[in-house]
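Q: Chains as they are written, first to last, in our numbering: chain F, 1403 to 1599; chain U, 1403 to 1599. Yeah, the Cβ is synthetic: ideal placement off N, Cα and C, and Gly gets one too.
2 protein chains.
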Amino acid sequence: MKLYDLELSGNCYKVRLFAALAGIPLERVPVDLLGGEHKRPPLITLNPWGEIPILEDGDVTLRDSQAILVYLARKTNALDWLPIEAAPMAEVVQWLSTAADEIRNGPANARLIDKFGVPLDKADTLRRSARILPLLDAHLAERRWLALDHPTIADCAVFPYVALAPEGGIRLDPYPKIRQWIGRIQELPGYIPMPGL
Amino acid sequence: MKLYDLELSGNCYKVRLFAALAGIPLERVPVDLLGGEHKRPPLITLNPWGEIPILEDGDVTLRDSQAILVYLARKTNALDWLPIEAAPMAEVVQWLSTAADEIRNGPANARLIDKFGVPLDKADTLRRSARILPLLDAHLAERRWLALDHPTIADCAVFPYVALAPEGGIRLDPYPKIRQWIGRIQELPGYIPMPGL
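#1: Is there at least one non-hydrogen atom of the ligand HEM closer than 7 Å to the beta-carbon of D1539 of chain F?
#2: Does R1545 of chain U have its Cβ less than 8 Å from a Cβ in chain F?
#3: Whose C-alpha, out of F:H1440, F:Q1468, F:T1527 and F:D1482, is nearest the C-alpha of S1499 of chain F?
#4: Whose CA, out of U:R1530, U:Q1496, U:E1493 and U:L1537, lies closest to the CA of N1511 of chain U?
#5: Does I1456 of chain U come out as helix, strand or coil in the three-state DSSP assignment?
#6: With 8 Å as the limit, tell me which residues of the region 1520 to 1540 of chain U have their beta carbon closer than that to any beta carbon of chain F; keep them in chain order.
#7: For L1481 of chain F, count neighbouring Cβ atoms within 10 angstroms of its own Cβ and tell me buried if that reaches 16, exposed if not.
#8: For chain C, check one thing: does any of its Cβ atoms lie closer than 8 Å to the Cβ of S1499 of chain F?
#9: Measuring alpha carbon to alpha carbon, tell me which residue in U:L1550, U:L1464 and U:H1440 is nearest V1417 of chain U.
#10: Helix, strand or coil, according to DSSP, for T1554 of chain F in the structure here?
#11: Contact criterion: CB-CB distance below 8 Å. Does M1491 of chain F meet it with respect to chain U?
#12: Short of 7 Å in beta carbon distance, which residues of its chain neighbour G1452 of chain F, apart from the five on each side in sequence? Order them along the chain.
#13: Looking at L1405 of chain F: is its Cβ nearer than 8 Å to the Cβ of L1436 of chain F?
#14: Note down, in chain order, every chain U residue with its Cβ under 9 Å from the Cβ of R1476 of chain F.
#15: Identify every residue that forms a DSSP beta bridge with E1429 of chain U.
#16: Strictly below 8 Å CB to CB, what residues from chain U border N1507 of chain F?
#17: Cβ of D1466 of chain F less than 8 Å from any chain U Cβ?
#18: Give the range of the alpha helix (DSSP H) segment to which L1537 of chain F is assigned.
#19: Can the beta-carbon of I1594 of chain U be found closer than 8 Å to that of P1509 of chain U?
#20: Work out the CA separation of L1410 of chain U and G1438 of chain U for me, nearest whole Å.
#21: So L1599 of chain U and A1556 of chain U are in contact, right, with Cβ under 8 Å, and what is the actual spacing, rounded?
#22: Between the region 1557 to 1591 of chain U and chain F, which residues of the former have a C-beta closer than 7 Å to a C-beta of the latter?
#23: When DSSP labels each residue in this structure, what does L1423 of chain U get in the three-state scheme?
#24: Determine which residues share a DSSP beta bridge with V1462 of chain U and list them.
#25: Does DSSP classify R1442 of chain F as helix, strand or coil?
#26: Return the chain-ordered ranges of every beta strand (DSSP E) run that is complete within the region 1476 to 1518 of chain U and spans a minimum of 3 residues.
#27: Of the choices F:Q1582, F:P1455 and F:H1541, whose alpha-carbon is the least far from that of P1606 of chain F?
#28: Which of the three DSSP states is assigned to L1436 of chain U in this structure?
#29: Please tell me whether P1450 of chain F has its Cβ less than 8 Å away from any Cβ of chain U.
#30: For A1421 of chain F, which residues in the same chain have their Cβ closer than 6 Å to its Cβ, ignoring the five residues on either side in sequence?
#31: Check for me: the alpha helix (DSSP H) holding G1375 of chain U runs from which residue to which?
Laid out in structure tokens, this is it:
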């Protein structure tokens, strides 16, 4: 399986992290993002959205880091990481939506602005972060992992851009439960870091 | 199964639409959104995020319309609507992410501003819509349904706020393939509309 990858991308790191934790081998293909490689053929043909990561596995091509996590979990039948019964699967999917919306448009975009100079509305990213991080902290006050009583792809999807929030000027000091959860993820067997963590 | 519901909410309608198409009975509990019922107990206890829909089924409580679609599909083992093999499930999940991010923060929020006076950045919603709608139209140029060769919960998740885009001042005239797809959904057996459609 081939992952079109960027070391500094939290979305790519979600996939690398889960693959490392679950012991799934990946071939990493570095993408020259600064050079715009993702906006030109062949990558723009693989993903017309002009984004990475992209996963290629035989004739399967996937964009969207959440969908790639689901693919890897189902392909390896990693039922602990993504159950297929209704309730636990839906619990996990709730957090995939959170990763796709609240985390991306909050701390992830704040980091894009501060670290890479992407012209987005900083106040908007801070407002969104100030809403989601307290909700996350309160949620984690009562449990060790986001979705179930053990780590799932929900944790892999939400973790990177929350842990990288300080690179977008967002301090995690006010969120002790989030910081403890970050620590628990970093202690998982097979954990790998990325720059900034 | 109890759905805390608002007739005018596209997120609630996603759930009602899929339940109607798949023949899943739901008990609808209308929520007084204007009166802030979702921000007070007991609803804020069911969903600390202060949003609807909320699904209650015995001791299962779910926020997030995408997760609720997954729950209903898995609970009824509706494998046509949500396969559990790796590739087709991931294809569907790609569009759940799109519904959660690009569609919500584009056409859905544009409608919140125009129809309900919610103070969000209109230019930002239009910019996001102008990116996602052409991508969606191009995608649908080559296929009849978003994810697979038949309707799935991906279509149910993306359809409402795309079809309601004109209520946010976004014309669908430039997107003939999207309009044909909307027509196909509206012809599905069991289809139900909502106000504005």
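A: For this structure:
#1: The ligand HEM is not part of this structure, which contains no ligands at all.
#2: Locating residue 1545 of chain U in the second sequence gives position 143, where the first residue counts as 1. It does not: the Cβ of R1545 of chain U has no partner Cβ on chain F nearer than 8 Å.
#3: The count along the first sequence starts at 1 and reaches residue 1499 of chain F at position 97. Ranking F:H1440, F:Q1468, F:T1527 and F:D1482 by Cα distance to S1499 of chain F puts F:Q1468 first.
#4: Against the second sequence, residue 1511 of chain U aligns to sequence position 109. Nearest of U:R1530, U:Q1496, U:E1493 and U:L1537 to N1511 of chain U, Cα basis: U:R1530.
#5: Within the second sequence, numbered from 1, the residue matching residue 1456 of chain U stands at position 54. In this structure, I1456 of chain U counts as strand in the three-state DSSP scheme.
#6: D1523, D1526, L1537 and A1540
#7: Counting from 1 along the first sequence, the entry for residue 1481 of chain F is found at position 79. So L1481 of chain F counts as exposed.
#8: In the structure shown, chain C does not exist; the protein chains are F and U.
#9: The count along the second sequence starts at 1 and reaches residue 1417 of chain U at position 15. Among U:L1550, U:L1464 and U:H1440, the Cα nearest to that of V1417 of chain U belongs to U:L1464.
#10: Counting from one through the first sequence, the residue named residue 1554 of chain F turns up at place 152. Coil.
#11: The residue given as residue 1491 of chain F occupies position 89 in the first sequence. By this cut-off, M1491 of chain F is an interface position.
#12: Taking the first residue of the first sequence as 1, we reach residue 1452 of chain F at position 50. H1440, K1441 and I1446.
#13: Mapped onto the first sequence, residue 1405 of chain F falls at position 3. Mapped onto the first sequence, residue 1436 of chain F falls at position 34. No, they are not a contact pair.
#14: As a position in the first sequence, residue 1476 of chain F is number 74, starting the count at 1. Per Cβ cutoff of 9 Å: I1486, E1487, A1488, A1489, M1491 and A1492.
#15: Taking the first residue of the second sequence as position 1, residue 1429 of chain U is located at position 27. U:K1404, per the DSSP bridge assignment.
#16: Position 105 of the first sequence, counted from the start, is the residue given in the question as residue 1507 of chain F. Within 8 Å Cβ-Cβ: D1503 and N1507.
#17: The residue labelled residue 1466 of chain F in the question sits at position 64 within the first sequence. Closer than 8 Å: yes.
#18: Here the question's residue 1537 of chain F lines up with position 135 in the first sequence. Counting along the chain, the alpha helix (DSSP H) containing L1537 of chain F begins and ends at K1524 to L1542.
#19: Counted from its first residue, the second sequence places residue 1594 of chain U at position 192. Counted from its first residue, the second sequence places residue 1509 of chain U at position 107. Going by C-beta atoms, I1594 of chain U is not nearer than 8 Å to P1509 of chain U.
#20: Residue mapping note: residue 1438 of chain U aligns to position 36 of the second sequence, counting from 1. Residue mapping note: residue 1410 of chain U aligns to position 8 of the second sequence, counting from 1. C-alpha separation (whole angstroms): 15 Å.
#21: The residue you call residue 1599 of chain U lines up with position 197 of the second sequence. The residue you call residue 1556 of chain U lines up with position 154 of the second sequence. Going by Cβ atoms, the distance from L1599 of chain U to A1556 of chain U rounds to 18 Å, so no, they are not a contact pair.
#22: none
#23: Taking the first residue of the second sequence as position 1, residue 1423 of chain U is located at position 21. In the structure shown, L1423 of chain U sits in a helix (DSSP, three-state: H, G or I).
#24: Here residue 1462 of chain U refers to the residue found at position 60 when the second sequence is read from its first residue. Answer by DSSP bridge pairing, in chain order: U:D1459.
#25: For this step, residue 1442 of chain F is matched to residue 40 along the first sequence. Note: R1442 of chain F maps to coil in three-state DSSP.
#26: none
#27: An answer regarding residue 1606 of chain F cannot be provided, because it is not within the stretch 1403 to 1599 covered by chain F.
#28: Taking the first residue of the second sequence as position 1, residue 1436 of chain U is located at position 34. The answer is coil: DSSP assigns L1436 of chain U none of H, G, I, E or B.
#29: Within the first sequence, the letter at position 48 stands for residue 1450 of chain F. For P1450 of chain F, the answer is yes, since a Cβ of chain U falls inside 8 Å of its Cβ.
#30: By 1-based counting over the first sequence, the position of residue 1421 of chain F is 19. Contacts found: L1428.
#31: With chain U covering 1403 to 1599 only, the question about residue 1375 of chain U has no answer from this structure.
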